[in-house]
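Okay, structure first, notes after.
There are 2 protein chains.
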Amino acid sequence: MGTVSKALSLLDFFSRSQPEIGLSELTRASGLNKATVYRLLSDLQIHGFVEQTGARAYRLGPAVLRLAAIREATVPMRQIVQATLDRLSDTTGETSHLAQIQGDRLVTLAYAYSPAHGTAVRMEDAAVTPFHATATGLAVLAFAGPAFCDRRLAQPLPAFTPDTPTDPADIRARLGRIRASGYSESVGGFEADVHSLAVPLFDATACIGAVAVATPKSRMTPALRARIIAALFDAAHDIVALWGGFLPDELQRLWVDAV
Amino acid sequence: MGTVSKALSLLDFFSRSQPEIGLSELTRASGLNKATVYRLLSDLQIHGFVEQTGARAYRLGPAVLRLAAIREATVPMRQIVQATLDRLSDTTGETSHLAQIQGDRLVTLAYAYSPAHGTAVRMEDAAVTPFHATATGLAVLAFAGPAFCDRRLAQPLPAFTPDTPTDPADIRARLGRIRASGYSESVGGFEADVHSLAVPLFDATACIGAVAVATPKSRMTPALRARIIAALFDAAHDIVALWGGFLPDELQRLWVDAV
DNA sequence: CTGGGTTGGTTCATTATTCAAACCGTTGGT
DNA sequence: ACCAACGGTTTGAATAATGAACCAACCCAG
Numbered sequence: 167m168g169t170v171s172k173a174l175s176l177l178d179f180f181s182r183s184q185p186e187i188g189l190s191e192l193t194r195a196s197g198l199n200k201a202t203v204y205r206l207l208s209d210l211q212i213h214g215f216v217e218q219t220g221a222r223a224y225r226l227g228p229a230v231l232r233l234a235a236i237r238e239a240t241v242p243m244r245q246i247v248q249a250t251l252d253r254l255s256d257t258t259g260e261t262s263h264l265a266q267i268q269g270d271r272l273v274t275l276a277y278a279y280s281p282a283h284g285t286a287v288r289m290e291d292a293a294v295t296p297f298h299a300t301a302t303g304l305a306v307l308a309f310a311g312p313a314f315c316d317r318r319l320a321q322p323l324p325a326f327t328p329d330t331p332t333d334p335a336d337i338r339a340r341l342g343r344i345r346a347s348g349y350s351e352s353v354g355g356f357e358a359d360v361h362s363l364a365v366p367l368f369d370a371t372a373c374i375g376a377v378a379v380a381t382p383k384s385r386m387t388p389a390l391r392a393r394i395i396a397a398l399f400d401a402a403h404d405i406v407a408l409w410g411g412f413l414p415d416e417l418q419r420l421w422v423d424a425v
Numbered sequence: 167m168g169t170v171s172k173a174l175s176l177l178d179f180f181s182r183s184q185p186e187i188g189l190s191e192l193t194r195a196s197g198l199n200k201a202t203v204y205r206l207l208s209d210l211q212i213h214g215f216v217e218q219t220g221a222r223a224y225r226l227g228p229a230v231l232r233l234a235a236i237r238e239a240t241v242p243m244r245q246i247v248q249a250t251l252d253r254l255s256d257t258t259g260e261t262s263h264l265a266q267i268q269g270d271r272l273v274t275l276a277y278a279y280s281p282a283h284g285t286a287v288r289m290e291d292a293a294v295t296p297f298h299a300t301a302t303g304l305a306v307l308a309f310a311g312p313a314f315c316d317r318r319l320a321q322p323l324p325a326f327t328p329d330t331p332t333d334p335a336d337i338r339a340r341l342g343r344i345r346a347s348g349y350s351e352s353v354g355g356f357e358a359d360v361h362s363l364a365v366p367l368f369d370a371t372a373c374i375g376a377v378a379v380a381t382p383k384s385r386m387t388p389a390l391r392a393r394i395i396a397a398l399f400d401a402a403h404d405i406v407a408l409w410g411g412f413l414p415d416e417l418q419r420l421w422v423d424a425v
């Protein structure tokens with residue numbers, strides 16, 4: 167294994183559950199010699215990739231912030247998921263879209279249509295959509311953490327259609343079912359004749375959005391529904407890989423069970 | 167120069183003005199042999215630190231996003247600037263604070279008091295402050311780009327004191343002077359007896375906030391004002407270094423001229 | 001159409017760098 | 001006081017990295 171690879175692989179041991187690691191712990195985890203680990207850490211430290219906290223631990227350094235900002239400016243998340251959404255729409259024959267939390271709002275970041283039918287659910291760029299009334303919004307509420315969810319459900323929950331859930335207790339029950347299944351579903355919750363399925367997306371630390379497929383109610387069948395769910399799982403894996411994010415192990419287990 | 171240092175130093179050539187670089191260009195810029203650069207890029211690519219775009223250029227890869235997210239979760243910006251704000255307040259004997267753009271708002275992220283006097287300008291955690299009426303807000307308006315500035319000035323500009331600037335043309339003139347001097351000043355613009363000075367802060371791509379010192383009007387003197395301005399420049403350097411950001415060269419020239 | 005200059009990419013004998021066993025001083029627990 | 005952990009250091013031997021020379025592909029001026 168090359169020297170550069172050894173050094174970079176040390177960085178991979180840092181995670182959100184273990185953001186600080188000591189020299190001896192890294193030695194054990196990596197299987198490298200302690201002198202080797204020390205020297206590699208020193209090189210990484212000189213370039214700002216790690217920094218030492220106190221006398222007994224290392225953590226990731228500020229250089230990664232600068233590079234991430236350049237990467238983000240170069241390849242905005244929207245652009246790099248477009249190909250994945252195009253494939254998702256081709257696979258399912260329906261409209262796909264991706265929504266992301268931006269502050270207190272859920273914003274449609276990207277979408278794709280399929281040419282498979284003369285009609286399709288129509289999307290709008292940068293549309294702000296409600297959390298409680300959409301499949302993407304419900305996926306986010308289910309997985310973005312209790313504080314976020316409580317804040318959302320404490321705000322007014324207007325009805326957009328006769329089928330919009332507006333009772334916080336009812337919505338919480340649905341969120342429980344979404345957490346149990348790993349995906350969300352909205353039938354006419356935001357637009358009367360639209361049936362949507364969605365799964366949550368995570369960056370390295372938290373749920374930050376969701377990816378969905380929307381179909382006219384009249385076109386949804388049990389077979390299409392199953393195909394959409396499987397395709398959403400694949401798309402979510404691809405998107406978080408591109409984003410440098412993660413999918414919680416328990417969520418992936420739910421997805422395996424659902425296919 | 168060690169192999170790991172060579173590889174990491176290649177990453178430093180990527181910038182917001184040059185986010186994509188070819189193999190031969192990197193060879194010229196780094197002074198290394200093309201075969202060496204190629205092999206180092208391959209190692210970086212295997213670990214996700216760079217990726218190839220098309221056939222002729224490389225750019226930073228998704229691994230930096232994951233590491234930056236871990237770093238951000240570990241060391242939130244607020245925590246790491248607190249020590250700098252403490253020193254800024256000690257140096258000036260007055261209240262210092264840092265505000266950051268969050269969507270369409272300016273939010274106080276951190277602040278520090280000085281024990282030098284019995285009275286001090288009081289701050290609030292997570293306070294949302296107006297752009298047009300505060301020194302931090304004016305610093306951000308001046309340096310955050312015309313689109314951002316136009317959007318802000320197109321919104322209502324309420325008066326908080328008789329000294330609040332509310333005429334967009336007047337504010338634009340002030341912003342011109344701020345750009346010429348490199349720092350902003352508000353005298354009673356938001357609270358009647360507060361005199362504040364601020365400088366903008368940048369991440370790797372844009373102005374994202376400002377750092378300020380606020381003093382009761384009655385305590386400001388020419389000597390204190392000069393000391394505050396110099397201390398703000400030092401604090402800004404420290405903060406953007408911690409954040410993996412940058413300060414535009416022309417802004418630093420203005421600051422050198424102002425001291 | 002052709003030749004020249006650029007590009008990304010490859011090879012392998014030589015050389016520079018890395019490696020890791022053995023060691024050090026410090027700290028904390030028993 | 002002793003022991004086991006920690007971070008950190010040294011240096012002769014071993015290994016990985018180096019880079020001159022080369023390749024194929026592409027682009028453009030003549």
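Top to bottom, those sequences are chains A and B.
Heads up, the first sequence is in this note's numbering, so the first residue is 167 and it goes up one at a time.
Heads up, the second sequence is in this note's numbering, so the first residue is 167 and it goes up one at a time.
Just so it is clear, CB atoms sit at the ideal spot from N, CA and C, and this is done for glycine as well.
Keep in mind that this is a model prediction, so the values were computed, not measured.
Give the DSSP-derived three-state secondary structure of residue i in the structure shown.
| i | result |
| --- | --- |
| residue 282 of chain B | coil |
| residue 375 of chain A | strand |
| residue 358 of chain A | coil |
| residue 185 of chain A | coil |
| residue 180 of chain B | coil |
| residue 349 of chain A | coil |
| residue 368 of chain B | strand |
| residue 413 of chain B | coil |
| residue 381 of chain B | strand |
Would you decide whether residue i is buried or exposed? Buried here means 16 or more other CB atoms lie within 10 Å of its CB.
| i | result |
| --- | --- |
| residue 260 of chain A | buried |
| residue 283 of chain A | exposed |
| residue 369 of chain A | buried |
| residue 270 of chain A | exposed |
| residue 414 of chain B | exposed |
| residue 243 of chain A | buried |
| residue 238 of chain B | buried |
| residue 281 of chain A | exposed |
| residue 332 of chain A | exposed |
| residue 173 of chain B | buried |
| residue 406 of chain A | buried |
| residue 247 of chain A | buried |
| residue 419 of chain B | exposed |
| residue 290 of chain B | exposed |
| residue 121 of chain B | Lying before the first or after the last residue shown, residue 121 of chain B is absent from chain B, which here runs from 167 to 425. |
| residue 221 of chain A | exposed |
| residue 209 of chain B | buried |
| residue 318 of chain A | buried |
| residue 183 of chain A | exposed |
Can you round the beta-carbon distance between residue i and residue j to whole angstroms, since I take them to be within the 8 Å contact cut?
| i | j | result |
| --- | --- | --- |
| residue 263 of chain A | residue 249 of chain A | Between residue 249 of chain A and residue 263 of chain A the Cβ distance is about 14 Å, and since that is not below 8 Å, they are no contact. |
| residue 354 of chain B | residue 329 of chain B | 4 Å |
| residue 186 of chain B | residue 225 of chain B | 5 Å |
| residue 342 of chain B | residue 421 of chain B | Incorrect: roughly 17 Å between the Cβ atoms, too far for contact. |
| residue 378 of chain B | residue 364 of chain B | 4 Å |
| residue 265 of chain B | residue 274 of chain B | 5 Å |
| residue 295 of chain B | residue 362 of chain B | Not quite, the Cβ-Cβ distance comes to about 10 Å (not below 8 Å), so this is no contact. |
Check: Are the segment 247-259 of chain B and the segment 210-217 of chain A in contact at 8 Å, needing three or more beta carbon pairs?
Finding: Flag = no, the segment 247-259 of chain B and the segment 210-217 of chain A do not touch.
Next item on the list: Check whether the segment 392-404 of chain A touches the segment 301-313 of chain A, counting contact only when three or more Cβ pairs, one atom from each stretch, lie closer than 8 Å.
Entry: No: the two stretches stay apart, fewer than three of their Cβ pairs being nearer than 8 Å.
Notebook entry, point to check: Which whole runs of the alpha helix (DSSP H) in the segment 257-328 of chain B are 4 residues long or more, in chain order?
Noted result: Correct list: 301-309 and 312-319.
Notebook entry, point to check: Given 8 Å as the limit, is there contact between the segment 315-325 of chain B and the segment 387-395 of chain B, that is, 3 or more CB pairs closer than that?
Noted result: Output reads no: the segment 387-395 of chain B does not touch the segment 315-325 of chain B.
Check: At which residue ranges does the segment 185-236 of chain A contain complete alpha helix (DSSP H) runs of 4 or more residues, listed in the order of the chain?
Finding: Segments of the alpha helix (DSSP H) lying fully in the segment 185-236 of chain A: 189-196 and 200-212.
Margin query: Under 8 Å: do the segment 198-207 of chain A and the segment 198-209 of chain B share three or more Cβ pairs, one atom per stretch?
Written below: Because the criterion of three Cβ pairs below 8 Å is not met, the segment 198-207 of chain A and the segment 198-209 of chain B do not touch.
Check: Are at least three pairs of beta-carbons, each pair with one atom in the segment 356-371 of chain A and one in the segment 216-236 of chain B, less than 8 Å apart?
Finding: Contact between the segment 356-371 of chain A and the segment 216-236 of chain B is established, with three or more Cβ pairs separated by less than 8 Å.
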